[in-house]
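Using my numbering, you'd call the opening residue of the sequence shown number 1039 and step up by one each time.
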Amino acid sequence: MKMNIAIFASGGGTNAENIIRYFHDSELVCTPLLVCNKADAPVLEKAQRLGVRTQVVTKAQLNDAAVMMPLLREYDVRFIVLAGFLPLIPDYLVDAYPRRIVNIHPSLLPKYGGKGMWGHHVHEAVKAAGETETGMTVHWVTPVCDGGEIIAQYRVALSPDDSVDDIAAKEHVLEMKYYPPLIEKILKENF
């Protein structure tokens, strides 16, 4: 029996699209639902084009168990994957899905994590610090922003000549290559 996972995303949706495509013919995983907090996010169209139902939720709705839990039950969601989802996951959801929510972060946590550290802000901080490497971190979601146990990290070397956009591009390659197979590995090993 396939495990239903929900993808939570806020923006362009390259990671979400990559995950949906990766599991398209999977015998293990089905991606029936994408949750987004922005009605105009490009990820919505990408998911719909790939046959995934989408649901836009406001901050108030996200923080309301009476809204979110019935939605997740409707799609029999057993696991949640954050793919560029910016709002903090509310405590009730972390409690309802213990060690069943993963997040991707565009740096080698604990460096450059926490409130306000997302997307380009992270890459700008990496550049400003003169780091010789960066990478991506996948971690369990807890009530502490970027504070959950690290599951895996992938690294890439940086050159002093790399611009912020170069750093972002190098890190993004890691996300595209490693995030979907790592999700699959987590599910096979834990469920």
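C-beta: ideal position from N, C-alpha, C; glycine also. Predicted model, so just to flag it, every value in this text is computed and none were measured.
Taking DSSP as the reference, what is the three-state secondary structure of N1228? Residue state, collapsed to three classes: helix.
Taking a contact to mean a Cβ-Cβ separation below 7 Å, would you say D1204 touches G1152 in this structure? Cβ distance not < 7 Å, so D1204 and G1152 don't count as in contact.
As assigned by DSSP and simplified to three states, the class of E1171: Residue state for E1171 is assigned as strand, using DSSP reduced to three classes.
Using the Cβ count rule (16 or more neighbours within 10 Å means buried), how would you classify L1146? Classification of L1146: buried, given that the 10 Å Cβ count is 16 or more.
Residue span of the alpha helix (DSSP H) that contains L1110, given as start and end: Going by DSSP, L1110 is part of the alpha helix (DSSP H) stretching over A1103 to E1112.
DSSP three-state assignment for Y1135, whether helix, strand or coil: Here Y1135 sits in coil by DSSP.
How is I1043 classed by DSSP in three states: helix, strand or coil? Residue state, collapsed to three classes: strand.
Element boundaries [alpha helix (DSSP H), containing Y1060]: Where Y1060 is concerned, the enclosing alpha helix (DSSP H) starts and stops at T1052 to Y1060.
List the residues that DSSP assigns as beta-bridge partners of F1117. DSSP, once it has assigned bridges, lists I1043 as partnering F1117.
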